[in-house]
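Have a look at the structure below, then the notes.
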Ligand code: SF4
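In C-alpha cells, the structure reads:
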C-alpha cells in the first residue's frame, strides 16, 4: 500500500498516527464522534469503486463538522476518482498498486480547475471569470464620463439578459432615457426594465410608468410580491405593521421588495441600478460595476459617480420625464406610506422611513443577505 497526496499527485509516507476508519454507512453521529477531539487522520472506506457514499461523508466532515485534519480514502479506488476525491475534501488516497501511482499523479495534475464549487474551493470557476469581467467593466465605465457611452459599453460587454430595476426615481428615469436614446435595444441588447409593484406605490409612480412607456417606446414590467406571503405578513403585523418596529419594516420590505427583486433577477447576467455615491453614507463606496456573488450577476451602477447637481443638470438639459411628486418636495420615492417630502437642506433620503434613526435606512435590496435580518419564523418555516 502506498499513499498519494491528492493535492500534488506525489507519493508520501504514511504518518505515524493511525487513522480512525469510517465505514461508508456511517451516520452523522458516528462522523461527529470520529471528529471529536481527533487531530489524527480519518480514513473512509470504499468497499467498491462504484460505491460513492464515501464522497458524501467527506463533504459532511468538511462542510458540516468543520474537520480540518487529514481525510484519507481507502479501499477499492481507481485513478479516475482522484479529482472527485480531492474536491470532496479528501487529502490522501491509499492505493494498493504502486505501479498505478504515475496514473494517479497524471490525472491529478491534468485538470487544475473545476466549474462547480467544492469542499476545496467554495467559489466556482465562473465566479473567478465573472469577478474579472465585472472588474474590467468597472474600469471601462470609469474611463468614460459620457452616459451614452457607458450604456453602449454595458450592452456590448454583457452577453444575455440585462435587468434594469427602476423605481421611476430621477436616476432611473435618466438611465431609462439614455437606454432609449442609445439605440442598444434596437441593436439587439436584451434589456428587461421592471418595477417592483409593492402594492403600496403612489398613483403618480404608475402614471409616470405609463407616460415613460409611451415616450420611450418600451415596456416596464410590474413585478409583484407573492400574494400568500403578503397576506401572512398583514395577518401577523397588521396593515401598517411596518411602523411598529424596524424588524417589521424590514420584513415588509423583504416580502414586498427583496424577494420579488431576486425572482426578477434570476437568470439575468447583469443588473442596472440608479445608485449614486452621494445619496447616503451607506452608498458612499458604490462601484460602477461589481460581481454580486449572492445573485450571480454583475451589478452595474452607471451613475455611481454623479453628483446631485449633475443629475439635475442632465434632467434639465435632456428634458427627462420625471415623476410629478418631485415638484412637491419628494426626492427619494419609495412606497407611499413610507415616503414624505423633505425640506431644503435635508438629507436626500430623510424622507424615507423618517421615524427610524439615520444610518442603514435601506430596504435590503442593496444589502448583502448576510447583513439582512432573518425572516420571521413563519417565513423561515415556509422557506425550509
Ligand atoms: S417601503 Fe414601506 S410599505 Fe414598502 S415594502 Fe418597505 S416597509 Fe413595506
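Numbering (the working numbering), first residue to last: 8 to 391. Beta carbons: idealized from backbone N, C-alpha and C, even for Gly. On a predicted model such as this, the values are computed, not experimentally measured, just so you know.
| request: Look at the Cβ atom of residue 187, then the Cβ atom of residue 224, and state whether they are nearer than 8 Å. | output: yes
| field | CA nearest to the CA of residue 55, picked from 84, 34, 48 | value | The option with the nearest alpha carbon to residue 55 is 84.
| request: Please check the pair residue 340 and residue 212, which I expect to be a contact at CB under 8 Å, by giving their CB distance rounded to whole angstroms. | output: 7 Å
| request: Using alpha carbons as the reference points, say which of 112, 288, 63 lies closest to residue 12. | output: 112
| Taking Cβ positions, are residue 278 and residue 170 nearer each other than 8 Å? | yes
| said: Just checking residue 2 against ligand 1 - is the residue's beta carbon closer than 7 Å to any of the ligand's heavy atoms? | reply: Nothing about residue 2 can be reported from this structure: the residues present for the chain run from 8 to 391 only.
| message | Assuming contact is defined by CB atoms lying nearer than 8 Å, are residue 92 and residue 178 in contact in what I supplied? | response | Not a contact, by the Cβ cut-off of 8 Å.
| query | residue 346 to residue 98, Cα distance in whole Å? | reply | If you take the alpha carbons of residue 346 and residue 98, they lie about 56 Å apart.
| query | Taking the DSSP output, what are the residues bridged to residue 313? | reply | None; residue 313 has no bridge partner.
| field | Alpha-carbon spacing of residue 260 relative to residue 70, whole angstroms | value | In this structure, the CA atom of residue 260 is about 32 Å from the CA atom of residue 70.
| task | Identify every run of the alpha helix (DSSP H) within the stretch 228-288, keeping only runs that are complete inside it and at least 4 residues long; order them along the chain. | result | 234-244, 253-260, 266-272
| query | Which residue comes first and which comes last in the beta strand (DSSP E) that contains residue 299? | reply | 296-299
| query | Is it a yes or a no for the stretch 272-289 touching the stretch 313-333, going by three-plus beta-carbon pairs under 8 Å? | reply | yes
| request: Compare the beta carbon distance of residue 275 and residue 304 with 8 Å and say whether it is the shorter of the two. | output: yes
| task | Give the straight-line distance between the Cα atoms of residue 58 and residue 72, rounded to the nearest whole angstrom. | result | 22 Å
| query | Taking C-beta to C-beta, are residue 154 and residue 185 nearer than 8 Å? | reply | Contact: yes.
| task | Using beta-carbon positions only, say whether residue 217 and residue 226 come within less than 8 Å of one another. | result | No. Outside cutoff.
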